[in-house]
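These notes are about the structure you will find just below.
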Amino acid sequence: MPEPALRGVGVSPGVAVGPVASMGAGVPEPPADGHPPPNPAAEAEAAAAALEAVAADLEARGERAGGDAADVLQAQAMMALDPGLAEKVEQATAVGRTAARAVFEAFAGYREELAEASQYLAARVADLDDVRDRAVARLLGVPMPGVPDPGHPFVLVARDLAPADTAALDRRTVLAFVTEEGGPTSHTAILARSLGVPAVVGCAGASGLADGVQVLVDGGSGEVVPDPAEAAAAAATRRDAARRAALAGSPSGPGATADGQRVLLLANVRGPAEVPDALAAGAEGVGLLRTEFLFLDRTEPPAVAEQERAYRQVLDAFPAGAKVVIRTLDAGADKPLAFLSPGDEPNPALGQRGLRAVRRSPEVLAGQLEAVGRAAAAGRAEAWVMAPMVATAAEAAWFRDQARHQGVAMAGVMVEVPAAALLAEAVLAEADFASIGTNDLAQYTYAADRQVSGLAAFQDPWQPALLALVARVGEAGRSLGKPVGVCGEAAGDPLLALVLAGLGATSLSMAPAALAEVRLLLARHTMEDCRRLAAAALAAPDAATARRRVREAAPAATELGL
Amino acid sequence: MPERRAVDFARLAGRQLPVRVMVAKDGREPVEARRMLDVLKLDVLGGQEVLLSAEGEGAERALDEMVAFVETDHDAKPAGA
Numbered sequence: 437m438p439e440p441a442l443r444g445v446g447v448s449p450g451v452a453v454g455p456v457a458s459m460g461a462g463v464p465e466p467p468a469d470g471h472p473p474p475n476p477a478a479e480a481e482a483a484a485a486a487l488e489a490v491a492a493d494l495e496a497r498g499e500r501a502g503g504d505a506a507d508v509l510q511a512q513a514m515m516a517l518d519p520g521l522a523e524k525v526e527q528a529t530a531v532g533r534t535a536a537r538a539v540f541e542a543f544a545g546y547r548e549e550l551a552e553a554s555q556y557l558a559a560r561v562a563d564l565d566d567v568r569d570r571a572v573a574r575l576l577g578v579p580m581p582g583v584p585d586p587g588h589p590f591v592l593v594a595r596d597l598a599p600a601d602t603a604a605l606d607r608r609t610v611l612a613f614v615t616e617e618g619g620p621t622s623h624t625a626i627l628a629r630s631l632g633v634p635a636v637v638g639c640a641g642a643s644g645l646a647d648g649v650q651v652l653v654d655g656g657s658g659e660v661v662p663d664p665a666e667a668a669a670a671a672a673t674r675r676d677a678a679r680r681a682a683l684a685g686s687p688s689g690p691g692a693t694a695d696g697q698r699v700l701l702l703a704n705v706r707g708p709a710e711v712p713d714a715l716a717a718g719a720e721g722v723g724l725l726r727t728e729f730l731f732l733d734r735t736e737p738p739a740v741a742e743q744e745r746a747y748r749q750v751l752d753a754f755p756a757g758a759k760v761v762i763r764t765l766d767a768g769a770d771k772p773l774a775f776l777s778p779g780d781e782p783n784p785a786l787g788q789r790g791l792r793a794v795r796r797s798p799e800v801l802a803g804q805l806e807a808v809g810r811a812a813a814a815g816r817a818e819a820w821v822m823a824p825m826v827a828t829a830a831e832a833a834w835f836r837d838q839a840r841h842q843g844v845a846m847a848g849v850m851v852e853v854p855a856a857a858l859l860a861e862a863v864l865a866e867a868d869f870a871s872i873g874t875n876d877l878a879q880y881t882y883a884a885d886r887q888v889s890g891l892a893a894f895q896d897p898w899q900p901a902l903l904a905l906v907a908r909v910g911e912a913g914r915s916l917g918k919p920v921g922v923c924g925e926a927a928g929d930p931l932l933a934l935v936l937a938g939l940g941a942t943s944l945s946m947a948p949a950a951l952a953e954v955r956l957l958l959a960r961h962t963m964e965d966c967r968r969l970a971a972a973a974l975a976a977p978d979a980a981t982a983r984r985r986v987r988e989a990a991p992a993a994t995e996l997g998l
Numbered sequence: 445m446p447e448r449r450a451v452d453f454a455r456l457a458g459r460q461l462p463v464r465v466m467v468a469k470d471g472r473e474p475v476e477a478r479r480m481l482d483v484l485k486l487d488v489l490g491g492q493e494v495l496l497s498a499e500g501e502g503a504e505r506a507l508d509e510m511v512a513f514v515e516t517d518h519d520a521k522p523a524g525a
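Protein chains in written order, with our numbering: chain A, 437 to 998; chain B, 445 to 525.
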């Protein structure tokens, strides 16, 4: 008898059918008592060998992964080889602990101390736990935690995925993602969209799927069907083929509704290296150029000339008339910079971050704006500049004056703080444009830390309170005749993109992989449709209802499997 | 300090053996600089002062190397040696 279908939230459209492979489950805590090991020396040796093997494996993964992931993996390898840890393991085996138990206990001491220290160190606890689990799994002979490697393409099923889990992921072998937990802005959703792989998150019962079982995953509707009937699988695959054909045949030109109203479709990029992807996806420009890449791992800010070169590279990649929105440095306590460090703050998300940090060090901002001004004068596309974490009209005015002083014509604000959205008209009066950062706006609206996974539901960009704030900013933009963009994951959700356009967004900026679907869906709906869908979303009591009502009211979405 | 720097710092300290390099912050108990986990626990941020010390033959050279690393690669300034 076929098992009942599961349902979650489809966060990356597409259909896949394939066998389940699960993330290595949690490694059990080795029992404290049990038979005393016959030979403490042998246990000590086994423990040391396991830690060394784990370190070697992590080093090798680091080399394969490269980039930031390599740093984390190298640090983990170093943890496994820590001489202090080795001493603690030996002390435990000397009093009769098994190798696995000794490793477990040795890590426990460090774990507690790190967890109690700063927020930054508390985040390292997950890295430490991962090292411990790997060593214990080796010693107990249970499967390693992490991405499975069954030797054939598979549907990856997990409770939730962390960036570390996916660093070594082989993109060619994962057919789809299904997670028991997580929401539309979870790491899984972001990763799946950037890979163009179907994904369903928040899928109750997913962890019960046995390895090897065939499942049909519909990343649009959120359905996960175990042992699908052949006809159902064929129908879903046909639907997906139709979606792909529609995408392939869709106009690659500028974004517009069915009745020809323009909605600029832009890309979020983290530096010149990501520009080719944006161009290939048909981005009309850049809606969010993050600039942290220039500043991280530096003891002092980069020279103006170096910054100017980087900005020029991006500006010259786009045609004249296109816009590139450069966000000034967004340093925070989760990405501390030596020259802007606010010191110890009890609550860094509410601390001296974004514009607040550079107001304390105005020379950093002046250097950056000077570089933008020079790049703007010589570059091909238009350079706009915006400040992160603006809360008041006075801050917006201050920033605009700084930008003008350096010859930057368009200076705007990110709307991430509810205060700025509530008084959008006053803030926008002092700015040339606004761009809504939905991820931080959700965090501050719901008083729910983005980093706390238990609060992920509050990050859902379909939340009515968040949409109400977006609507306020949209209205302010309309009445003042100033552009209002949305950047952040919300803009890359094709259905939500319709709602955002209906709420008054004049541009949508997203990961390049999401552009084609947003462009296609937008072209199938009039601006009047978008306004109607926006009203339906605003009137819904919660995020899930809003999403469902909009999907039902936008038939082209179902037809396209989005 | 960022993980990569903690790693490099601990590695460099490991290379000074048999000289034992110790590091301390805020007048607290010093820890051995080659012990990555203990160094991480110090929670050193850029710009903060740390106190380095070493004992054994060649201690002075070892300290010079460690101080140079701290001064060039971080903002942390050693208060003395």
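For every residue, glycine included, the Cβ atom is placed at its ideal position computed from N, Cα and C.
May I have a chain-ordered list of the beta strand (DSSP E) segments no shorter than 3 residues that lie completely inside the stretch 694-739 of chain A?
700-705, 722-725
Just mark residue 913 of chain A as buried or exposed, buried being the case when its beta carbon has 16 or more other beta carbons within 10 Å.
buried
Interface partners of residue 451 of chain B on chain A, CB under 9 angstroms
507, 510, 511, 513, 514
In the DSSP output, what is residue 458 of chain A paired with across the bridge?
A:593
Reduced DSSP secondary structure (H/G/I, E/B, other) of residue 679 of chain A:
helix
Leaving out the 5 sequence neighbours to the left and right, which residues in its chain are closer than 6 angstroms to residue 510 of chain B when beta-carbon positions are compared?
465, 496
Show which residues of chain A have a CB atom less than 9 angstroms away from the CB atom of residue 479 of chain B.
518, 519, 520, 521
Quick check for students: name the residue ranges of the beta strand (DSSP E) that lie wholly in the stretch 905-980 of chain A, counting only runs of 3 or more.
920-923, 943-946
Looking at the C-beta of residue 564 of chain A, does it have a partner C-beta in chain B at a distance below 9 angstroms?
yes
Interface partners of residue 482 of chain B on chain A, CB under 9 angstroms
518, 520, 546
Kindly indicate which three-state DSSP category residue 473 of chain B falls into: helix, strand or coil?
coil
Counting contacts by CB-CB distance shorter than 9 angstroms, is residue 448 of chain B in contact with chain C?
Annotation note: the requested chain C is absent from the structure, which comprises protein chains A and B.
Does the separation of the CB atoms of residue 846 of chain A and residue 863 of chain A fall below 9 angstroms?
no
Take residue 507 of chain B as the anchor and find which of B:483, B:471, B:477, B:450 has the nearest alpha-carbon.
B:477
Whole-number beta carbon distance between residue 938 of chain A and residue 954 of chain A, since they are thought to touch under 8 angstroms
Actually they do not touch by this definition, with Cβ atoms about 14 angstroms apart.
Near residue 910 of chain A, which residues of its chain fall below 7 angstroms by C-beta distance, leaving aside the five closest residues on each side in sequence?
920, 939, 940, 941
I'd like to know whether the C-beta atoms of residue 564 of chain A and residue 614 of chain A end up nearer to each other than 9 angstroms.
no
Closest to residue 499 of chain B by C-alpha separation, out of B:482, B:457, B:484, B:483, would be which residue?
B:457
Can you list the residues of chain A that residue 469 of chain B reaches, using a CB-CB cut of under 8 angstroms?
Correct list: empty, because the minimum Cβ distance to chain A is about 12 angstroms.
Backbone CA spacing between residue 488 of chain A and residue 519 of chain A [nearest angstrom]:
12 angstroms
Looking at chain A, is there any beta carbon in it that lies within less than 9 angstroms of the beta carbon of residue 459 of chain B?
no
Suppose the cutoff is 8 angstroms on Cβ atoms and the five residues either side in sequence are ignored; what does the same chain contact list for residue 626 of chain A look like?
925, 947
Secondary structure of residue 522 of chain B, DSSP reduced to three states
With a pLDDT of only 41 at residue 522 of chain B, under the threshold of 50, the placement of this residue in the model should not be trusted; the figure read from the coordinates follows. Looking at residue 522 of chain B - three-state DSSP - the assignment turns out to be strand.
Just the C-alpha distance for residue 651 of chain A and residue 641 of chain A, rounded to the nearest angstrom, thanks.
13 angstroms
Hey, how far is the Cα of residue 984 of chain A from the Cα of residue 906 of chain A?
19 angstroms
Whole-angstrom distance between residue 723 of chain A and residue 897 of chain A, CA atom to CA atom:
18 angstroms
What would DSSP say about residue 510 of chain B, mapped onto helix, strand or coil?
helix
Just the chain B side, please: which residues come within less than 7 angstroms of residue 549 of chain A by C-beta, in chain order?
485
Excluding the 5 residues preceding and the 5 following residue 992 of chain A in the sequence, name in chain order all residues of the same chain whose CB lies nearer than 6 angstroms to its CB.
960
Per DSSP, which one or two residues make a beta bridge with residue 827 of chain A?
Beta-bridge pairing links residue 827 of chain A to no other residue.
Going by alpha carbons, who is nearest to residue 867 of chain A out of A:976, A:630, A:835?
A:835
Answer yes or no: does any C-beta atom of chain B fall closer than 9 angstroms to that of residue 789 of chain A?
no
So, is residue 780 of chain A buried or exposed, given that buried needs 16 or more other C-beta atoms within 10 angstroms?
exposed
Spatial neighbours of residue 505 of chain B in its chain, beta-carbon cut-off 7 angstroms, leaving aside the 5 residues before and after:
none
Beta-carbon spacing of residue 521 of chain A, residue 510 of chain A below 9 angstroms
no
Complete alpha helix (DSSP H) runs within the stretch 473-551 of chain A (minimum length 4 residues, chain order)
476-501, 503-516, 519-530
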